[in-house]
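Notes for the one structure printed next.
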Amino acid sequence: MINDCRLKMRIDTAADCSIMSKDTYEQHFSNLPLKESTLQLKTYSGELLDTCGQIECKVVHNGKTFTLPCVVARYTNKPTLMGKDWLSKLKLDWSSAFYVERTKFDQVLKEYSSLSEDSYEGIKGTVAHIRIKEDAKPRYCKARPVPYSQKSQVETELKGLEKYGVIVKTKKSDWATPIVIVLKTDGTVRLCGIIR
Numbered sequence: 101m102i103n104d105c106r107l108k109m110r111i112d113t114a115a116d117c118s119i120m121s122k123d124t125y126e127q128h129f130s131n132l133p134l135k136e137s138t139l140q141l142k143t144y145s146g147e148l149l150d151t152c153g154q155i156e157c158k159v160v161h162n163g164k165t166f167t168l169p170c171v172v173a174r175y176t177n178k179p180t181l182m183g184k185d186w187l188s189k190l191k192l193d194w195s196s197a198f199y200v201e202r203t204k205f206d207q208v209l210k211e212y213s214s215l216s217e218d219s220y221e222g223i224k225g226t227v228a229h230i231r232i233k234e235d236a237k238p239r240y241c242k243a244r245p246v247p248y249s250q251k252s253q254v255e256t257e258l259k260g261l262e263k264y265g266v267i268v269k270t271k272k273s274d275w276a277t278p279i280v281i282v283l284k285t286d287g288t289v290r291l292c293g294i295i296r
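For my numbering, count along the sequence shown from 1 and bump the result up by 100.
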């Protein structure tokens, strides 16, 4: 309970602060004074988060009462996040915090089964671009030798990637990185690049 209001929150163990949207604040907590905040927060993708301020919340959990800050973000229709600041005080029972209903999980797996198919096809009609710093200098790293026992598997994987346009064969490049061969449980291989 937050100020006598039952509010659903999403646990975000990567968020330093607990955050609610402006519309949640206006709908449930507008009676609480909005204090100026000097915090500069960034989203997981690095953009600065525009905030309205922060409120002090009276939080009741397991019969104990806490006064905890919550940042009000200048956005709408987003979930309220419980960040590390609240998590460090509330000491949640993690076994009850996470629960996935098996039938719903199976239903989601069935509905989106095409996403886990063993296929090279991937997304169609989208071109990816790798952004590099303007002052970046080309770097060419020599290929690592492929173990003889995995040579045919690596060739099969490379042919499949090339056939579906995931990779394109080139005669010369100023940029090159070695691959690491990861053996999958089904005996096939996954090729990973060492990007530095």
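Backbone N, C-alpha and C fix where the C-beta goes; we use that ideal spot for every residue, glycine too.
### Task
Would you list the one or two residues that DSSP bridges to Leu258?
Paired residue(s): none; Leu258 is not in a bridge.
### Thr317 versus Ala173, Tyr175, Ser188, residue with shortest Cα-Cα distance
No information on residue 317 is available, as it lies outside the stretch 101 to 296 that the chain covers here.
#### Entry: Thr180 vs Leu132 beta-carbon contact at 8 Å
no
### Coil, strand or helix - Ser214 by DSSP
helix
#### Entry: 6 Å Cβ shell around Ala115 - same chain, five flanking residues per side excluded
Leu181, Gly183
### Task
Take the Cβ of Gln154 as the centre, count every other Cβ of all protein chains shown within 10 Å, and call the residue buried at 16 or more, exposed below.
buried
### Task
Pull up the DSSP beta-bridge partners for Tyr240, would you.
Ala276
### Residues bridged to Val171 (per DSSP)
Ile119, Gln154
### Task
Grab me the residues of Ala243's own chain with a C-beta within less than 7 Å of its C-beta, minus the 5 sequence neighbours each way, in chain order.
Pro278
### Message
For the beta strand (DSSP E) containing Leu181, name the first residue and the last one.
### Response
180–182
### Message
If I measure Cβ to Cβ from Arg290 and keep anything under 7 Å in the same chain, skipping five residues before and after, which residues do I get?
### Response
Val282, Lys284
#### Entry: His128, DSSP secondary structure in three states
helix
### Query
Is Val160 near Met101, with beta carbons less than 8 Å apart?
yes
### Query
In the structure shown, what three-state DSSP assignment does Leu134 receive?
coil
### Message
Here's the rule: buried if 16 or more other CB atoms are within 10 angstroms of the residue's CB, otherwise exposed. What is Ala173?
### Response
buried
### Nearest residue (CA-CA) to Val280, options Glu262, Glu136, Cys241, Lys269
Cys241
### Proximity to Trp194 [Cα-Cα], best of Ile111, Glu234, Lys158, Met120
Ile111
#### Entry: Same chain, Cβ closer than 7 Å to Gln250, neighbours up to 5 away in sequence not counted
Ile281, Val289
#### Entry: C-alpha distance - Tyr212 paired with Thr203, whole-angstrom precision
14 Å
#### Entry: Beta carbon of Ile301 nearer than 8 Å to that of Cys170
The structure shown does not extend to residue 301, since the chain is modelled only from 101 through 296, so no value can be given for it.
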